[in-house]
Amino acid sequence: MSLRPNALLPVVLAMCAMSAGAQSPAPAPAAPAAAQALYPLMAERSKAVEKKVIAWRRDIHEHPELGNQEKRTAALVAAHLKSLGYEVREGVAVTGVVATLKGGKPGPVVALRADMDALPVKEQVDVPFASKARATWAGKEVDVMHACGHDGHVAILMGVAEVLASMKDQLPGTVKLMFQPAEEKLPNSEIGGARRMLAEGAFDSPKPDVVFGLHLASGLNTGEIGYKAGPITASSDAFKVSVKGRQTHGSMPWSGVDPIVIGSQIVMGFQTIASRQVNVTKEPSVLSVGTFQAGTRYNIIPDNAEMTGTLRTYDEGMREFIMKRMGETAEHIAQSGGGSAHVHFEADGYAPTINDAKLTDQMSPSLQRIPGAKSMIIPKGTGGEDFSFFAQKAPGLFVMVGSTPPGQDASKAEPNHSPRFFMDEASLAVGVRTLTQLSVDYMAMASAAK
Ligand SMILES: [Zn+2]
Ligand SMILES: [Zn+2]
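Following the working numbering, the numbering of the sequence shown begins with 30 at its first residue and continues without gaps.
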């Protein structure tokens with residue numbers, strides 16, 4: 030999940046309270062015979078890697094690395110994948126690792142993705158492997174912590190890599206693993222992560238037929254797997270509004286142009302876009318102004334005002350429409366007050382993650398087959414995720430894997446990005462089973478359909 034560094038906390042990932050609106054999916058039909066034949070081996074190998082996955086997660090947790098700095102993590106991943114016989118490409122989008130394993134039988138190409146980066150957060154969790162790491166971020170020395178569970182994502186996918194490699198000869202298809210840097214965005218709106226991996230050929234030869242991903246979520250308990258068809262995470266766009274007025278004495282506003290009054294009207298004008306100008310029955314949208322800066326003294330009307338904020342939507346058309354209306358609203362309101370305004374959107378915005386409806390329907394039974402887990406249909410969240418860009422290139426399914434210990438109220442758990450974000454390590458085994466089950470079942474179904 031990604032939120033802008035300057036808006037780090039309060040991080041209200043709508044992942045919290047997820048189970049509140051959850052529904053049970055329809056009962057699952059029997060798995061295809063080709064998949065069932067692999068289940069005993071899959072169960073045995075998944076169990077066999079459990080301890081290793083926890084050890085990897087602890088190691089990565091103790092050594093977290095920020096976006097595009099994931100050198101140690103990437104080296105650990107690459108060495109492991111090479112030892113398993115994967116064909117490994119390193120340095121994709123700076124530190125990304127792309128690895129391919131061709132199964133012994135013909136079949137589709139299944140891509141699996143894990144993000145590797147940590148956050149500029151000072152850890153407050155009391156565990157023996159708590160992070161003491163520091164690094165440079167946007168020119169400043171910061172504390173670093175895996176506060177979004179990406180340490181778990183990496184460890185899970187390393188485990189999945191091992192399980193799938195162990196059944197290579199029987200595997201009806203090709204596995205493509207993508208260990209991605211910089212999901213949490215980069216300083217100065219630099220474009221990295223999924224988009225850059227795609228630009229550097231991560232989805233070329235072989236081109237994936239589908240892509241699966243997961244996120245550990247504090248809003249669900251361990252064993253719960255949440256998903257839905259259609260949008261599951263929001264688009265995430267940071268914007269800046271620059272208002273230009275003309276400085277004057279506070280006692281004589283008529284002799285200048287007041288950018289604070291214009292800016293205030295713009296903030297209010299923005300609120301009418303979501304409420305009055307888009308079809309609220311289609312998808313919701315959120316537009317929040319987080320900073321408003323102007324002036325230096327109580328009795329001076331300044332030249333300029335500047336606001337920043339975030340826009341969240343679930344539909345590309347709606348996203349574009351709101352962006353356009355924000356520009357027009359700001360410019361025309363400013364004009365009416367004798368000033369001018371400009372809305373700038375950062376180029377590193379994320380698209381909404383859309384789970385392919387057909388693929389979600391097709392794979393829903395697989396999620397129900399995961400031993401000891403309970404899959405449920407959950408409401409979409411307002412967090413951002415650049416898995417969205419992979420899901421634009423191939424039908425995608427992104428699921429939430431609960432990581433709050435059973436028995437605790439997940440709706441009250443510290444959310445992802447909190448310095449107190451706590452991961453129940455039993456959730457890692459669920460993650461391994463989730464991605465393995467999806468891969469094996471999809472390959473078997475696609476091969477049976479041919
Ligand atoms: Zn995340
Ligand atoms: Zn995150």
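Just so you know, even glycine gets a beta-carbon here, dropped at the ideal spot from N, CA and C.
All values derive from a computational prediction rather than experimental measurement.
Residue i versus residue j: straight-line alpha-carbon distance, rounded
i: glycine 378; j: aspartate 266; result: 4 Å
i: proline 39; j: glycine 202; result: Any reading at proline 39 needs caution, since the residue's pLDDT is 34, under 50, leaving its predicted position unreliable; the model's value is listed next. Approximately 43 Å between the Cα atoms of the pair.
i: valine 296; j: valine 318; result: 7 Å
i: lysine 273; j: glycine 298; result: 17 Å
i: glutamate 345; j: serine 280; result: 46 Å
i: alanine 64; j: proline 137; result: 14 Å
i: alanine 55; j: serine 369; result: 55 Å
i: histidine 361; j: lysine 311; result: 27 Å
i: serine 218; j: alanine 59; result: 47 Å
i: glutamate 375; j: phenylalanine 268; result: 6 Å
i: alanine 363; j: glycine 292; result: 8 Å
i: alanine 402; j: methionine 347; result: 36 Å
i: threonine 325; j: leucine 316; result: 27 Å
i: valine 173; j: histidine 90; result: 10 Å
i: alanine 66; j: methionine 472; result: 13 Å
i: glutamate 119; j: glycine 132; result: 21 Å
i: serine 284; j: arginine 275; result: 9 Å
i: valine 117; j: glycine 259; result: 32 Å
i: aspartate 415; j: glycine 222; result: 7 Å
i: glutamine 306; j: glycine 366; result: 23 Å
i: alanine 164; j: proline 394; result: 43 Å
i: leucine 42; j: aspartate 438; result: Low per-residue confidence applies at leucine 42: pLDDT is 39, beneath 50, and the placement is therefore not dependable enough to give any value.
i: leucine 396; j: aspartate 88; result: 29 Å
i: proline 288; j: threonine 337; result: 15 Å
Sub-8 Å separation of residue i and residue j beta-carbons
i: histidine 109; j: methionine 187; result: yes
i: methionine 207; j: methionine 71; result: no
i: leucine 249; j: threonine 411; result: no
i: proline 399; j: threonine 301; result: Inspection of the sequence shows that residue 399 is occupied by isoleucine rather than by proline. No, these two residues do not count as a Cβ contact at 8 Å.
i: glycine 425; j: aspartate 385; result: yes
i: threonine 124; j: lysine 100; result: yes
i: glycine 96; j: lysine 214; result: yes
i: isoleucine 406; j: glutamine 153; result: no
i: alanine 147; j: glutamate 212; result: no
i: lysine 409; j: threonine 262; result: yes
i: glutamine 322; j: alanine 303; result: no
i: glutamine 209; j: alanine 167; result: no
i: leucine 141; j: serine 440; result: no
i: valine 150; j: arginine 74; result: no
i: alanine 420; j: serine 264; result: no
i: valine 171; j: valine 239; result: no
i: leucine 245; j: glycine 181; result: yes
i: isoleucine 254; j: valine 459; result: yes
i: serine 404; j: threonine 382; result: no
Three-state class that DSSP yields for residue i in the structure shown
i: serine 280; result: coil
i: glycine 394; result: Sequence inspection shows proline at residue 394; the glycine mentioned does not correspond to that position. Helix, per DSSP.
i: leucine 340; result: strand
i: glycine 445; result: In the sequence as displayed, the identity of residue 445 is asparagine instead of glycine. Here asparagine 445 sits in coil by DSSP.
i: glutamine 294; result: helix
i: leucine 316; result: strand
i: asparagine 529; result: Given that the chain is displayed from residue 30 to residue 479, the structure contains no residue 529 and the question cannot be resolved.
i: threonine 203; result: strand
i: asparagine 35; result: Per-residue confidence for asparagine 35 stands at a pLDDT of 36, beneath the threshold of 50, marking its modelled position as unreliable; the derived number appears in the next sentence. DSSP places asparagine 35 in helix when its eight states are reduced to three.
i: aspartate 238; result: coil
i: alanine 46; result: Note that alanine 46 scores a pLDDT of 38, beneath 50, so its modelled location is shaky and nothing firm can be said.
i: phenylalanine 374; result: strand
i: threonine 382; result: strand
i: glycine 255; result: strand
i: proline 56; result: coil
i: glutamate 79; result: helix
i: histidine 92; result: coil
i: histidine 179; result: helix
i: lysine 353; result: helix
According to DSSP, residues forming a beta bridge with residue i
i: asparagine 250; result: Thr433
i: serine 440; result: None, per the DSSP bridge assignment.
i: asparagine 308; result: Note: asparagine 308 sits in no beta bridge, so no partner.
i: valine 117; result: Ala128
i: tryptophan 166; result: Lys169
i: alanine 143; result: Phe208
i: phenylalanine 321; result: Met336
i: arginine 275; result: Val286
i: threonine 262; result: Thr382
i: alanine 267; result: Thr339
Nearest-angstrom beta carbon gap, residue j and residue i [assumed within contact, 8 Å]
i: alanine 552; j: valine 270; result: No answer is possible for residue 552: the residues shown for the chain start at 30 and end at 479.
i: phenylalanine 178; j: methionine 452; result: One point to set straight first is that residue 178 is glycine, not phenylalanine, in the sequence displayed. The pair is a contact, with the Cβ atoms about 6 Å apart (cut-off 8 Å).
i: alanine 122; j: arginine 225; result: 4 Å
i: lysine 422; j: leucine 105; result: The Cβ separation is near 27 Å, so there is no contact.
i: serine 247; j: alanine 442; result: 4 Å
i: lysine 236; j: serine 476; result: Actually they are not in contact, since the Cβ atoms of lysine 236 and serine 476 sit about 17 Å apart, beyond 8 Å.
Distance cut-off 7 Å: residue i Cβ against heavy atoms of ligand 3
i: glutamate 152; result: Among the ligands in the structure shown, ligand 3 does not appear; only ligand 1 and ligand 2 can be found there.
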